[in-house]
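A.B. asks:
Residue numbers (the numbering used here), protein chains in the order written: chain A, 1 to 536; chain B, 1 to 375.
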């Protein structure tokens, strides 16, 4: 035993004498994580958040959240002598006079965009593979909350530099608050401290941005990870993988090395972006001025869909009895996100209810095997993308020389016509893909060889699909590889019926795949063992 | 309790910390070292012991703890030569990180970032490149190391099931109820009611603090009024007043009230537009509010408050860049497209003795986004 090992043991022993936990640590080191490229999407979000904390801390040392007017006297000559808020001045200083401040700002902004993007893609992965099903509904809700928190956090940060663009964002937020029936003006005055713009909003957004919301996000992430750890990660069907086990690599050393390395890779990409790809050059926009705005002003991408819904909304407003309800603001910016995020958060229960599937699920679905769910997801993405395109309709119109009015109308119609079309097409595509899988399973892979039999008949030779693919395709649980005695079903009180994945047997709304009995890896198919053949 | 009942003598801790994994795999179901519950950060030792006692078979638990590597080495063991080559690859990536750090530090101190300094535009790109090399070297090295040189195992671990046993649930529920009964709360009505009242009123305690966050006294008046007042001159952003004749037909000027902080107030910016008097089609007395083809509208969008500043001379269209609401300037700024529901409020103007434009009063209705009390 080397000196180093001895020292490590002594130290570890010292702690263990006081805290215990050696057994727990050993178990943890041995914890198995299933491996699939799509499982790292959530990791990207986590790492982006860590990078946001690191870069944000540095920025907070130099930023001043104050609307106090000062005359700029920094090194950026074009703005010398311009009256501006301290917030904007300190942002300029970070960009020009603080060593490495600009790269920190740019990494921070890129990391925010990546954080949100990774969350959304991770959400899509979880949705399309059915990873949100029992017992993981709670984690799905936490994920939804993280998405919402991320938008709030991003919006607050976007407003801090107090440049022309971010001030416009705050103006719009004020209008949105005002639009809420009955309490609107109270809410707006509460948040802004008085009539817009007031003097308080930056301090408040700053407190939210660097303390309150990050703390909530950190707490939710912690809980998210603890649940993944405790419930163990889901996995795709495959040889040896069942509802009752996890197949993959152990935390230490393989998984830890890969995940740790991946953190540095994410950081490297963000550093390259922050250094080489300019983002939000606030010095070009100038300080905020309520009477100015630049054409083509856009929010960050994750708010784009709300901007788009606002642009597409017709000019509806109800007035009567001395009161006004500005539907043209309320519906696209309050009601729509409220409904969308509520439906999103409740989706696991909605699906369980409709499909009557109350069982535990640890094996993931292939999207094609759940045509309705996949079609719902594709439909939602279409809806979202139309809104996002609408959020940039002025830019698109001017780049492609289109009429913005025509474009808005096309998008208004598209918002309601495209999603059902996509729903239908996706569902058909899923069913076709299922059939093509069946084809492969039943007939094997085409070899291109045609053989003539002695009686003159021509047959096409096929090679059976390797079992590893068959298992993955059918999702039919394979025997554990060790072929030992089957893991006994949990016994004892409370386990009368461990409903592991039995429900999908029914041909319900959500699993319109043809019944399991027809799918099977053919108990009567010794043909698959040999070279299959079929007539041509 | 810190040590679960099944834990062995503490003396073997070091052995366990450093014991190679095969020992774990080899240990049988009866091995006391591994016979406690599956790893769990949510259960304490006590209930875990109970669960193990009637919930789960030892064998399964054991399996859950010590995964069995199966299907070892998808790409078999490397030959010595290949392993050396792989090691060199990984090592060169780690050394790349060193180079990146050196480059980063040199750039940080040798290149000046300040605007106008030589090489200043290179500062951030160089910093980013070196940072990416440093971080990427470590990252790529670690991943490659894991992929090329570490055992590529397929370990299998059993899942533990969720949901406690019925006994467990009943016992917990009973303990809770017993505890509640022990407090005497269900029996002592006075205690219960006073607690409800006292603790309930605590919820009101933060309300004054929340209320203090906003000044609501003049809320509706503030929302309904702007900086414009009777006799206030129309000034430009730079403070100069606008005179009749300053603006050509088809011209447009951003104007502010000549009052204290008039150019800073967010609700007061307006737009002075001049067109031929016959082009201006205003309803009723709004005709009077214009002056010889000069008309002033609030430039705060009635949709969400962005400044409506884009004016198209030929069509007299006013365009909001935020959400594309379009107003017809020659027809009382009525909405012809987009989400805005109301015309931009018009300001009554005239000209004073010296020929400068003045306001005839404030806007006759609130400017900017609609709200509940707006009427």
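Built from N, CA and C at the ideal position, the CB exists for glycine as well.
Small disclaimer: the values here were computed from a predicted structure and weren't measured.
The alpha helix (DSSP H) that contains residue 300 of chain B, what's its start and end?
C.D. replies: Sequence index remark: in the second chain, residue 300 of chain B carries index 300 (1-based). That residue, residue 300 of chain B, is in no alpha helix (DSSP H); it is neither H nor E in DSSP.
A.B. asks: Tell whether a beta-carbon distance below 8 Å holds between residue 306 of chain B and residue 168 of chain A.
C.D. replies: Counting from 1 along the second chain, the entry for residue 306 of chain B is found at position 306. Counting from 1 along the first chain, the entry for residue 168 of chain A is found at position 168. Yes, the Cβ-Cβ distance between residue 306 of chain B and residue 168 of chain A is below 8 Å.
A.B. asks: Name the chain A residues whose beta carbon is nearer than 8 Å to that of residue 153 of chain B?
C.D. replies: Indexing the second chain from 1 puts residue 153 of chain B at position 153. Result: 249, 250 and 254.
A.B. asks: What's the gap between the Cα of residue 361 of chain A and the Cα of residue 158 of chain B?
C.D. replies: Taking the first residue of the first chain as position 1, residue 361 of chain A is located at position 361. Taking the first residue of the second chain as position 1, residue 158 of chain B is located at position 158. If I take the Cα positions, the gap works out to 14 Å.
A.B. asks: Rounded to a whole number of angstroms, what is the C-alpha to C-alpha distance between residue 117 of chain A and residue 205 of chain B?
C.D. replies: Stepping through the first chain from its first residue, residue 117 of chain A is reached at position 117. Stepping through the second chain from its first residue, residue 205 of chain B is reached at position 205. Approximately 40 Å between the Cα atoms of the pair.
A.B. asks: Quick one: what does DSSP say residue 377 of chain A is sitting in, helix, strand or coil?
C.D. replies: By 1-based counting over the first chain, the position of residue 377 of chain A is 377. It is helical.
A.B. asks: I'd like to check one pair, residue 32 of chain A with residue 238 of chain A: are the Cβ atoms closer than 8 Å?
C.D. replies: Position 238 of the first chain, counted from the first residue, corresponds to residue 238 of chain A. Position 32 of the first chain, counted from the first residue, corresponds to residue 32 of chain A. No, the pair does not count as a contact, with Cβ atoms beyond the cut-off.
A.B. asks: Using CA atoms only, rank isn't needed, just tell me which of B:352, B:347 and B:357 is closest to residue 366 of chain B.
C.D. replies: By 1-based counting over the second chain, the position of residue 366 of chain B is 366. Here the closest residue by C-alpha is B:347.
A.B. asks: Can you tell which of A:440, A:446, A:433 and A:158 has the C-alpha that lies nearest to the C-alpha of residue 470 of chain A?
C.D. replies: In the first chain, counting from the first residue as 1, residue 470 of chain A sits at position 470. When each option's Cα is compared against that of residue 470 of chain A, the closest is A:440.
A.B. asks: Go ahead and pull the three-state DSSP assignment for residue 331 of chain A.
C.D. replies: Start at 1 with the first residue of the first chain, and residue 331 of chain A comes out as number 331. Helix, per DSSP.
A.B. asks: Which class does residue 196 of chain A belong to by DSSP, given the choice of helix, strand or coil?
C.D. replies: For the purposes of this step, residue 196 of chain A is identified with residue 196 of the first chain, where counting begins at 1. Coil.
A.B. asks: Determine whether the beta carbon atoms of residue 297 of chain A and residue 254 of chain B lie at a separation below 8 Å.
C.D. replies: Your numbering for residue 297 of chain A matches position 297 in the first chain. Your numbering for residue 254 of chain B matches position 254 in the second chain. Not closer than 8 Å, so no.
A.B. asks: When you compare the CB of residue 219 of chain B with every CB in chain A, is at least one pair closer than 8 Å?
C.D. replies: The residue you call residue 219 of chain B lines up with position 219 of the second chain. Yes, because at least one Cβ of chain A sits closer than 8 Å to the Cβ of residue 219 of chain B.
A.B. asks: Determine, for residue 314 of chain B, whether the minimum Cβ-Cβ distance to residues of chain A falls below 8 Å.
C.D. replies: Position 314 of the second chain holds residue 314 of chain B. It does not; no Cβ of chain A falls within 8 Å.
A.B. asks: Residue 100 of chain A and residue 127 of chain B - do their beta-carbons sit closer together than 8 Å?
C.D. replies: As a first step, residue 127 of chain B must be located in the second chain, where it is residue number 127. As a first step, residue 100 of chain A must be located in the first chain, where it is residue number 100. Cβ distance < 8 Å, so residue 127 of chain B and residue 100 of chain A count as in contact.
A.B. asks: Among B:130, B:363 and B:286, whose alpha-carbon lies nearest the alpha-carbon of residue 226 of chain B?
C.D. replies: By one-based count along the second chain, residue 226 of chain B stands at place 226. For residue 226 of chain B, the nearest C-alpha among the options comes from B:363.
A.B. asks: Taking the beta carbon of residue 330 of chain B as the centre, do at least 16 other beta carbons fall within 10 Å, making it buried, or is it exposed?
C.D. replies: The residue labelled residue 330 of chain B in the question sits at position 330 within the second chain. Burial check for residue 330 of chain B: the Cβ neighbour count within 10 Å reaches 16 or more, so the residue is buried.
A.B. asks: Can you tell me where the alpha helix (DSSP H) holding residue 438 of chain A begins and where it ends?
C.D. replies: Residue 438 of chain A sits at position 438 when you count from the first residue of the first chain. That run of the alpha helix (DSSP H) goes 404 to 443.
A.B. asks: By the criterion of Cβ-Cβ separation under 8 Å, what are the contact partners of residue 132 of chain B in chain A?
C.D. replies: Stepping through the second chain from its first residue, residue 132 of chain B is reached at position 132. 268, 269, 271, 272 and 275, listed in chain order.
A.B. asks: Shortest alpha-carbon distance to residue 181 of chain A belongs to which of A:343, A:424 and A:329?
C.D. replies: Translated into positions along the first chain, residue 181 of chain A becomes position 181. Taking only the C-alpha atoms, the option nearest residue 181 of chain A is A:329.
A.B. asks: Does any residue of chain B have a CB that is nearer than 8 Å to the CB of residue 343 of chain A?
C.D. replies: Within the first chain, the letter at position 343 stands for residue 343 of chain A. For residue 343 of chain A, the answer is no, since every Cβ of chain B falls outside 8 Å of its Cβ.
A.B. asks: My guess is that residue 236 of chain A and residue 472 of chain A are in contact by the Cβ rule of under 8 Å, so how many angstroms apart are they, rounded?
C.D. replies: For this step, residue 236 of chain A is matched to residue 236 along the first chain. For this step, residue 472 of chain A is matched to residue 472 along the first chain. That pair is a contact at about 7 Å.
A.B. asks: Where residue 38 of chain A and residue 263 of chain A are concerned, what is the direct C-alpha to C-alpha distance, given to the nearest angstrom?
C.D. replies: Here residue 38 of chain A refers to the residue found at position 38 of the first chain. Here residue 263 of chain A refers to the residue found at position 263 of the first chain. Roughly 15 Å separates the two Cα atoms.
A.B. asks: Determine the extent of the alpha helix (DSSP H) in which residue 136 of chain B is found, giving its start and end residues.
C.D. replies: Counting from one through the second chain, the residue named residue 136 of chain B turns up at place 136. Taken as a continuous stretch (DSSP letters only), the alpha helix (DSSP H) holding residue 136 of chain B covers 120 to 148.
A.B. asks: Please determine, among A:299, A:351, A:19 and A:86, the residue with the shortest C-alpha to C-alpha distance to residue 112 of chain A.
C.D. replies: In the first chain, counting from the first residue as 1, residue 112 of chain A sits at position 112. Taking only the C-alpha atoms, the option nearest residue 112 of chain A is A:299.
A.B. asks: So, does the CB of residue 184 of chain B fall closer than 8 Å to a CB anywhere in chain A?
C.D. replies: By one-based count along the second chain, residue 184 of chain B stands at place 184. Output row for residue 184 of chain B: interface = no.
A.B. asks: Are any of the Cβ atoms in chain A nearer than 8 Å to that of residue 213 of chain B?
C.D. replies: Residue 213 of chain B sits at position 213 when you count from the first residue of the second chain. For residue 213 of chain B, the answer is yes, since a Cβ of chain A falls inside 8 Å of its Cβ.
A.B. asks: Note down, in chain order, each residue of its chain lying with its Cβ closer than 7 Å to the Cβ of residue 255 of chain A, except the 5 sequence neighbours on either side.
C.D. replies: The count along the first chain starts at 1 and reaches residue 255 of chain A at position 255. Within the same chain, residue 255 of chain A has close Cβ partners 33 and 249.
A.B. asks: What would DSSP say about residue 157 of chain B, mapped onto helix, strand or coil?
C.D. replies: Residue mapping note: residue 157 of chain B aligns to position 157 of the second chain, counting from 1. Correct three-state label for residue 157 of chain B: strand.
A.B. asks: Beta carbons nearer than 7 Å to chain B: which residues of the segment 395 to 406 of chain A have them?
C.D. replies: 404 and 405
A.B. asks: State the start and end residues of the unbroken alpha helix (DSSP H) segment that holds residue 243 of chain B.
C.D. replies: As a working note, residue 243 of chain B is residue 243 in the second chain. Run containing residue 243 of chain B: none; DSSP gives neither H nor E here.
A.B. asks: Count the other CB atoms, across all protein chains shown, that sit within 10 Å of the CB of residue 355 of chain B; report buried if there are 16 or more and exposed otherwise.
C.D. replies: Counting from 1 along the second chain, the entry for residue 355 of chain B is found at position 355. With fewer than 16 Cβ atoms within 10 Å of its Cβ, residue 355 of chain B is classed as exposed.
A.B. asks: Whose Cβ in chain B lies nearer than 8 Å to the Cβ of residue 257 of chain A?
C.D. replies: On the first chain, residue 257 of chain A is found 257 positions in, with the first residue counted as 1. At a beta-carbon threshold of 8 Å, the residues of chain B lying near residue 257 of chain A are 142, 143, 145, 146 and 150, ordered along the chain.
A.B. asks: For a cutoff of 8 Å on Cβ pairs, would you count residue 193 of chain A as touching chain B?
C.D. replies: For the purposes of this step, residue 193 of chain A is taken as residue 193 along the first chain, with counting starting at 1. True, the Cβ-Cβ gap to chain B drops below 8 Å.
A.B. asks: Going straight from the alpha carbon of residue 82 of chain B to that of residue 96 of chain B, what length do you get?
C.D. replies: As a working note, residue 82 of chain B is residue 82 in the second chain. As a working note, residue 96 of chain B is residue 96 in the second chain. Cα-Cα distance, rounded: 21 Å.
A.B. asks: Would you please verify whether the beta carbon of residue 173 of chain B is less than 8 Å from any beta carbon of chain A?
C.D. replies: The residue you call residue 173 of chain B lines up with position 173 of the second chain. Closer than 8 Å: no.
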